[in-house]
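Engineer: Here the sequence shown is numbered in my numbering, starting from 36 and rising by one per residue.
Each residue gets a CB set at the ideal place from its N, CA and C atoms; glycine is no exception.
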Amino acid sequence: MSLSQAQKKAFRSIGHHLNPVVMVSENGISDGVLAELDRALNDHELIKVKIALAERDERAAMLDELVAASGAELIQKIGKMALLYRRNPQANPKLSNTKRFENHHGRH
């Protein structure tokens, strides 16, 4: 799944208004965190994740792990925040952040 630059830009502008729905602390990535991430991606497709680690390299490694485990695509990373996207064709339009803000392009 590869997004165009235009799609990424649109997702970044949506992400600007989102609050983080998944938080990862120095305790690392537990099954609970992965379940929460999976549920959030299913519901919202586009989510903001907060990685509460002071060390930049550790944050990057943890983010790579989250992306790999969830099958999501990293849209943006700023400091301790990351914006992840995973398409869900059956997403509820009222919950999906991409559908709620979507323009009229229904492309895959």
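(1) Is it the case that the Cβ atoms of Ala126 and Val84 are separated by a distance below 8 Å?
(2) How many Å lie between Gly141 and Ile110 at the Cα?
(3) Quick check: what's the CA-CA separation for Ser60 versus Ala89?
(4) Enumerate in chain order the residues of its own chain whose CB-to-CB distance from Ala104 is below 6 Å, with the five nearest sequence positions on each side excluded.
(5) Following the continuous alpha helix (DSSP H) through Ile49, name the residue where it begins and the one where it ends.
(6) Beta carbon of Ala87, beta carbon of Lys115: below 8 Å?
Structural biologist: Result, derived from the coordinates:
(1) no
(2) Below a pLDDT of 50, predicted positions are generally treated as unreliable, and Gly141, at 46, falls in that range; no measurement from the model is reported.
(3) Approximately 10 Å between the Cα atoms of the pair.
(4) Leu69
(5) Looking at the DSSP string, the run of the alpha helix (DSSP H) that includes Ile49 is 40 to 50.
(6) Yes. Within cutoff.
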